[in-house]
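Structure, as structure tokens:
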Amino acid sequence: MYITYEAAQWVWTDWFGDSQNRKIFKQNKPPEIVPNRLPKPDFMPSKLVRTYDMKVVPGSQVNEGYCTISYSWNQSGEVDYSNKEKATRTDEGKHKIIYIDQKIRRRGKKNKRILYKVRYVKFEGLIQQICRQFNINYVWYDQMCINQEDKEEKKREIRNMHRVYGNAHCLVALVPEYHVTYLDKHLYKKKQYRLNFEASCDDNDSIHFRCYGSARFALSFALQNIQTSEWCKRLWTLEESLKSKTLLFIGQNTHLYAKNDNS
1 MYITYEAAQW VWTDWFGDSQ NRKIFKQNKP PEIVPNRLPK PDFMPSKLVR
51 TYDMKVVPGS QVNEGYCTIS YSWNQSGEVD YSNKEKATRT DEGKHKIIYI
101 DQKIRRRGKK NKRILYKVRY VKFEGLIQQI CRQFNINYVW YDQMCINQED
151 KEEKKREIRN MHRVYGNAHC LVALVPEYHV TYLDKHLYKK KQYRLNFEAS
201 CDDNDSIHFR CYGSARFALS FALQNIQTSE WCKRLWTLEE SLKSKTLLFI
251 GQNTHLYAKN DNS
């Protein structure tokens, strides 16, 4: 399965401030949630991906913090499960990025006609686009930071997984099912709220996120789209979330920032 991502995102202004001044609108560049230069944590992964050229670099050579990427493997390309011992993934570069090309004002009308352009990329290109928009310089994710053919390296990295996610500035969760349609924006209500989003990890653990925004907006989309998504069905992604301090859910054309009450 391939992901569709719209560079123009639905956002709401003044997330944590005066709810009376909050508005929802669509803009080409999302707000800069991640600072320009993240503070370097005490622990650094052995490898990181530098997002401006998507090159793998030693973590020891990076002098700033990083974010982690969480996703459902089924949505990173075409996955073949015919081999019971090992599933294989093929990426034919069909992930779709949609940009606003230009806006044309219709003669005699106030509204504008929006023209779009589409670019097809591989999964790494999708990650790069998202990181550029959200101001993320370095990321860690398994496909590029772990040599899947090296069993010893894989075991070593799995043992450090709690440190990798626990020391990241935030976890970026790819949830393409999370989206806003034209009519959805009318559900917006000027009200600040605290939302407990729960997803069971196993019999003993649950995830509790503290989310901010419009009550109806988040209840309609965060709960329905995120809780029923492929991302939420994968046990490993829930474990990654439990270890992370903050989360940034990236949807098809919107996003949601959350703080993990478990951290």
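Heads up: the sequence shown runs through residues 1 to 263, numbered per the UniProt record's numbering.
All residues carry an ideal CB built from backbone N, CA and C; glycine is no exception.
Among E6, R89, P58, L247, which residue has its Cα nearest to the Cα of I97?
Working through the sequence shown from its first residue, we reach residue 97 at position 97. Each of E6, R89, P58, L247 was checked against the Cα of I97, and the nearest Cα belongs to E6.
In whole angstroms, what is the alpha-carbon distance linking R159 and E153?
Counting from one through the sequence shown, the residue named residue 159 turns up at place 159. Counting from one through the sequence shown, the residue named residue 153 turns up at place 153. Their Cα atoms are separated by approximately 10 angstroms.
Taking K243 as the reference, which of V118, R37, C131, C170 has the closest Cα?
Counting from one through the sequence shown, the residue named residue 243 turns up at place 243. Among V118, R37, C131, C170, the Cα nearest to that of K243 is on C170.
Answer yes or no: do F249 and L256 have a C-beta to C-beta separation smaller than 7 angstroms?
Sequence index remark: in the sequence shown, residue 249 carries index 249 (1-based). Sequence index remark: in the sequence shown, residue 256 carries index 256 (1-based). Yes, Cβ-Cβ distance for F249 and L256 is below 7 angstroms.
Straight-line gap, R132 to T51 (C-alpha atoms, nearest Å):
Residue mapping note: residue 132 aligns to position 132 of the sequence shown, counting from 1. Residue mapping note: residue 51 aligns to position 51 of the sequence shown, counting from 1. When rounded, the distance between both Cα atoms is 7 angstroms.
Contiguous beta strand (DSSP E) assignments of at least 3 residues, all confined to the segment 146-180
For secondary structure counted as the beta strand (DSSP E) over 3 or more consecutive residues, the segment 146-180 holds these complete runs in sequence order: 171-174.
Under 7 angstroms Cβ to Cβ from G59, same chain only, skipping five residues before and after it: list those, please.
Stepping through the sequence shown from its first residue, residue 59 is reached at position 59. For G59, where only same-chain residues beyond five positions count, the Cβ hits under 7 angstroms are M44, P45, S46, K47, L48.
Give the single residue among R37, Q227, I100 whose Cα lies nearest to the Cα of R119.
The residue you call residue 119 lines up with position 119 of the sequence shown. For the residues R37, Q227, I100, the minimum Cα distance to R119 belongs to I100.
Leaving aside the five residues before and after T68 along the sequence, list all residues of the same chain whose C-beta is less than 6 angstroms from its C-beta, in chain order.
Numbered from 1 along the sequence shown, position 68 holds the residue referred to as residue 68. Cβ contact annotation for T68 (same chain, cutoff 6 angstroms, sequence separation greater than five): W140, Y165, A168, L171, in chain order.
Y138: buried (16+ other C-beta within 10 angstroms of its C-beta) or exposed?
As a position in the sequence shown, residue 138 is number 138, starting the count at 1. So Y138 ends up on the buried side.
Range of the contiguous beta strand (DSSP E) that encloses I69
Along the sequence shown, one-based indexing puts residue 69 at 69. DSSP places I69 in the uninterrupted beta strand (DSSP E) bounded by 67-70.
Nearest neighbour of Y178, chosen from D42, Q128, R163, T254 [CA to CA]:
Position 178 of the sequence shown holds residue 178. Considering only D42, Q128, R163, T254, the residue with the shortest C-alpha distance to Y178 is T254.
According to the neighbour-count rule (16 or more other Cβ atoms, all chains shown, within 10 Å of its Cβ), is Y2 buried or exposed?
Here residue 2 is taken as the residue at index 2 of the sequence shown, counted from 1. Buried, because 16 or more other Cβ atoms sit within 10 Å of the Cβ of Y2.
Whole-number beta carbon distance between P176 and Q129, since they are thought to touch under 8 angstroms:
Here residue 129 refers to the residue found at position 129 when the sequence shown is read from its first residue. Here residue 176 refers to the residue found at position 176 when the sequence shown is read from its first residue. Not confirmed; about 13 angstroms, so no contact.
Where the beta strand (DSSP E) through T237 begins and ends
One-based indexing of the sequence shown puts residue 237 at position 237. For T237, there is no enclosing beta strand (DSSP E); the enclosing alpha helix (DSSP H) has its first and last residue at 235-243.
Going by the DSSP bridge assignment, what does N74 pair with across the sheet?
Locating residue 74 in the sequence shown gives position 74, counting from the first residue. Residue pairing by DSSP leaves N74 without any beta bridge partner.
So is F9 buried or exposed if we call it buried at 16+ other beta carbons inside 10 Å?
What you label residue 9 is simply residue 9 of the sequence shown in a count that begins at 1. Residue 9 is actually Gln in this sequence, not Phe. Classification of Q9: buried, given that the 10 Å Cβ count is 16 or more.
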